[in-house]
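*Asks:* Just so you know, we're using this note's numbering here: the sequence shown kicks off at 71 and counts up by one. Beta carbons: idealized from backbone N, C-alpha and C, even for Gly. Before we start, here is the structure in question, set down as structure tokens.
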Amino acid sequence: MTRSNVVKSKIKWLQHASEIEADVIDMRRHLHQYPEVSFKEYQTADYIYQQLQSFGITDIRRNVGNGLGIVARVEGHKPGAVIALRADFDALPIKEETDIPFKSLHEGVMHACGHDAHTAMLLGVARIMNQNRFDISGTVVFIFQHAEETKPGGAKSMIQDDALLDVDLIYGLHVVPEYPVGHVGYSLSYGSAASDTVKIHIQGRGGHASKPQEAIDSVIIASEIITNLQSIVSRFVNPQDPAVLTFSSVEAGGGVAPNVIADKATIVGTVRTFSEETRQIVKRKCIQMAQVIAEMNDGTVEVDYYDGYPALINTKNIVEDAVQTIQSSQLFPGVSEIGPMTGAAMIGEDFAYYLKHVPGAFLNIGVGQEGADEVYPLHHPKFKLNEDGLVKGMEVYLLLLMKHLGGEVG
Ligand SMILES: [Zn+2]
Ligand SMILES: [Zn+2]
71 MTRSNVVKSK IKWLQHASEI EADVIDMRRH LHQYPEVSFK EYQTADYIYQ
121 QLQSFGITDI RRNVGNGLGI VARVEGHKPG AVIALRADFD ALPIKEETDI
171 PFKSLHEGVM HACGHDAHTA MLLGVARIMN QNRFDISGTV VFIFQHAEET
221 KPGGAKSMIQ DDALLDVDLI YGLHVVPEYP VGHVGYSLSY GSAASDTVKI
271 HIQGRGGHAS KPQEAIDSVI IASEIITNLQ SIVSRFVNPQ DPAVLTFSSV
321 EAGGGVAPNV IADKATIVGT VRTFSEETRQ IVKRKCIQMA QVIAEMNDGT
371 VEVDYYDGYP ALINTKNIVE DAVQTIQSSQ LFPGVSEIGP MTGAAMIGED
421 FAYYLKHVPG AFLNIGVGQE GADEVYPLHH PKFKLNEDGL VKGMEVYLLL
471 LMKHLGGEVG
């Protein structure tokens, strides 16, 4: 293919995205009306499979991983790089409170994280790539992932089940309602924090409030643990490496009489960290300090520490290249870096697992509603997205694919 033909084929791909925009919006609306929670996305998986088949794609694997994951491959005319794109397709146990005409028909379940949009965009790109497969050198792997919202998530198990077989690079996109439509956000390294949970069960001995010497006060132990564990972040963690430890729930006494010393207490906290080293320090100190404090007070503790998704670490040069490609296309109203500690970055995201295996980038695409009185964040029952963002998301994917697969052919 000559240079000018390459340019023509690139323009053709982008034109296709605009041509099928209405179909992509229809797919998104269908998914939005029939949302399903993590690990139960039966109709959704069927729908994705049927759409892929209707585009003429033949290499499709179902039930990948610990749930309903789907992996489809579109091979180009000539060999080349293998690029994976991932969309998640589960919804949340939230009762939708929007006024849109294609509102959820599944009571108490809602696509409040935009995974309906992620899936529709990726289906659109799959259709375009399959139509243009004779123009590409390389392979595109479409990963439709179940269960992003619920631990242990689908990503890790899909990787174990060969979703990343021969893959050189991976990209993912997440919609962001706080950005204007079509605005692209990126992080050069950390894209989201590791998010772990600590539950500390304290066992003391109940007694009369007037005879503390005969009891072991679980409330005192709980309060000493809460206060002392705050020094983990301030004294044991490198100040250059952000960490947060928040105790969000305390339960003790069960509302009984004020003259009774509570025998048991439970405190629950959340831990957010970026580096694996800091993550392990916080975990070790939480367990150690809770035990020592309980012992000092003649009580005992049981610490349940639940590891959540690891931190999402983008590959710096891949992000830089992607940003350069996106910026030079002049198709997007804005491109900006998101700091690692800001909003979206502190949300857990199991795309992190893919990036532990292959280099890649997880980017954000704006789906803000122009002139909206209030912006409802992801996971809010009134979350709404601007569907004009779907074609922009497809353009991001197509530009990145062109860069790797539509380049210097023949
Ligand atoms: Zn979510
Ligand atoms: Zn999400």
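Tell me the rounded alpha-carbon separation between L193 and G323.
*Replies:* Answer to the nearest angstrom: the Cα atoms are 53 angstroms apart.
*Asks:* Going by C-alpha distance, which of F159, K426, P403 is nearest E436?
*Replies:* For the sequence presented, residue 436 should be read as Gly rather than Glu. Answer by Cα proximity: P403.
*Asks:* Select from E347, A217, L258, R99 the residue whose C-alpha is nearest the C-alpha of Q310.
*Replies:* Ranking E347, A217, L258, R99 by Cα distance to Q310 puts E347 first.
*Asks:* Report the three-state DSSP secondary structure of F432 (helix, strand or coil).
*Replies:* Reduced to three states, the DSSP call for F432 is strand.
*Asks:* Suppose the cutoff is 7 angstroms on Cβ atoms and the five residues either side in sequence are ignored; what does the same chain contact list for V237 look like?
*Replies:* V152, A154, V211, V428.
*Asks:* What do you reckon, are the CB atoms on A187 and R131 nearer than 8 angstroms?
*Replies:* No, they are not a contact pair.
*Asks:* F204: buried (16+ other C-beta within 10 angstroms of its C-beta) or exposed?
*Replies:* Exposed.
*Asks:* Taking N133 as the reference, give the member of P149, H147, L299, D116 with the closest Cα.
*Replies:* If we check each option's Cα against that of N133, D116 comes out closest.
*Asks:* Using the three-state DSSP reduction, which class does H176 fall into: helix, strand or coil?
*Replies:* In the structure shown, H176 sits in coil (DSSP, three-state: anything other than H, G, I, E or B).
*Asks:* Report the rounded CA-to-CA distance for Y241 versus E444, giving the unit in angstroms.
*Replies:* Answer to the nearest angstrom: the Cα atoms are 30 angstroms apart.
*Asks:* Could you give the residue range of the beta strand (DSSP E) that holds N133?
*Replies:* Per DSSP, N133 belongs to the beta strand (DSSP E) from 129-134.
*Asks:* Sorry if obvious, but does the Cβ on E166 come closer than 7 angstroms to a heavy atom of ligand 1?
*Replies:* Every heavy atom of ligand 1 is 7 angstroms or more from the Cβ of E166, so no.
*Asks:* With distance defined between alpha-carbon atoms, name the residue in A313, A225, G430, A196 nearest to Q350.
*Replies:* For the residues A313, A225, G430, A196, the minimum Cα distance to Q350 belongs to A313.
*Asks:* Sorry if obvious, but does the Cβ on C183 come closer than 7 angstroms to a heavy atom of ligand 1?
*Replies:* Correct: C183 has its Cβ closer than 7 angstroms to ligand 1.
*Asks:* Which same chain residues end up closer than 7 angstroms to L455 when comparing Cβ atoms and leaving out the 5 residues on each side of it in sequence?
*Replies:* Contacts found: G184, A187, V245, P247, V437.
*Asks:* Under 8 angstroms, with one C-beta from each stretch per pair, do the region 468-475 and the region 90-97 reach the 3-pair mark?
*Replies:* Verdict: no, contact absent.
*Asks:* Ligand 1 heavy atoms versus the CB of L448: any closer than 7 angstroms?
*Replies:* Because some heavy atom of ligand 1 lies under 7 angstroms away, the Cβ of L448 counts as near it: yes.
*Asks:* Looking at the unbroken alpha helix (DSSP H) that takes in K462, where does it start and where does it end?
*Replies:* Per DSSP, K462 belongs to the alpha helix (DSSP H) from 458-475.
*Asks:* Nearest to S293 by CA position, among V405, A364, P328, is which residue?
*Replies:* Checked all of V405, A364, P328; the closest Cα to S293 is A364.
*Asks:* Secondary structure at Q273, three-state DSSP: helix, strand or coil?
*Replies:* Correct three-state label for Q273: strand.
*Asks:* If you scan the region 99-159 from start to end, which runs of the alpha helix (DSSP H) of 4 or more residues do you find wholly inside it?
*Replies:* With a minimum length of 4 residues, the continuous alpha helix (DSSP H) runs that stay inside the region 99-159 are 112-124.
*Asks:* Closest to C356 by CA distance: which of A332, F317, Q397 is it?
*Replies:* Cα-wise, what sits closest to C356 is F317.
*Asks:* Would DSSP call E218 helix, strand or coil?
*Replies:* Looking at E218 - three-state DSSP - the assignment turns out to be coil, as it is neither helix nor strand.
*Asks:* If L243 sits next to M191, beta carbons under 8 angstroms apart, how far is it from one beta carbon to the other, in whole angstroms?
*Replies:* That belief holds up - the Cβ atoms of L243 and M191 are roughly 7 angstroms apart, short of 8 angstroms.
*Asks:* Which whole-angstrom value is the C-beta distance of D266 and D158, which I expect to be below 8 angstroms?
*Replies:* In fact, because the Cβ distance is near 21 angstroms, the residues do not count as touching under 8 angstroms.
*Asks:* Does A415 come out as helix, strand or coil in the three-state DSSP assignment?
*Replies:* Model confidence at A415 stands at a pLDDT of 48, short of 50, so the residue's coordinates are unreliable and nothing is read from them.
*Asks:* If you draw a straight line from the alpha carbon of N329 to that of S280, how long is it in whole angstroms?
*Replies:* Roughly 7 angstroms separates the two Cα atoms.
*Asks:* Sorted by chain position, which residues of the same chain lie with C-beta nearer than 6 angstroms to E321's C-beta, five sequence neighbours on each side aside?
*Replies:* Excluding residues within five positions, the ones whose Cβ falls inside 6 angstroms are T336.
*Asks:* Flag E111 as yes when its Cβ comes closer than 7 angstroms to any non-hydrogen atom of ligand 2, and as no otherwise.
*Replies:* No, ligand 2 has no heavy atom inside 7 angstroms of this Cβ.
*Asks:* What is the C-beta distance between G276 and A332, in whole angstroms, given that I count them as a contact (C-beta under 8 angstroms)?
*Replies:* About 7 angstroms separates the two Cβ atoms, so the contact holds.
*Asks:* If you reduce the DSSP assignment to three classes, tell me which class E248 lands in.
*Replies:* Note: E248 maps to coil in three-state DSSP.
*Asks:* Taking C-alpha atoms, which residue in V405, G339, N202, K226 lies nearest to F421?
*Replies:* For the residues V405, G339, N202, K226, the minimum Cα distance to F421 belongs to K226.
*Asks:* Check the DSSP bridge columns for D266 and list the partner residues they point to.
*Replies:* For D266, which the question treats as bridged, DSSP gives the partners V341.
*Asks:* Taking F306 as the reference, give the member of I388, K353, S262, V461 with the closest Cα.
*Replies:* Comparing Cα-Cα distances from F306 to each of I388, K353, S262, V461, the minimum goes to K353.
*Asks:* So what does DSSP say about E407, is it helix, strand or coil?
*Replies:* In this structure, E407 counts as strand in the three-state DSSP scheme.
*Asks:* Quick one: grab the DSSP three-state call for S259.
*Replies:* S259: coil per DSSP, three-state reduction.
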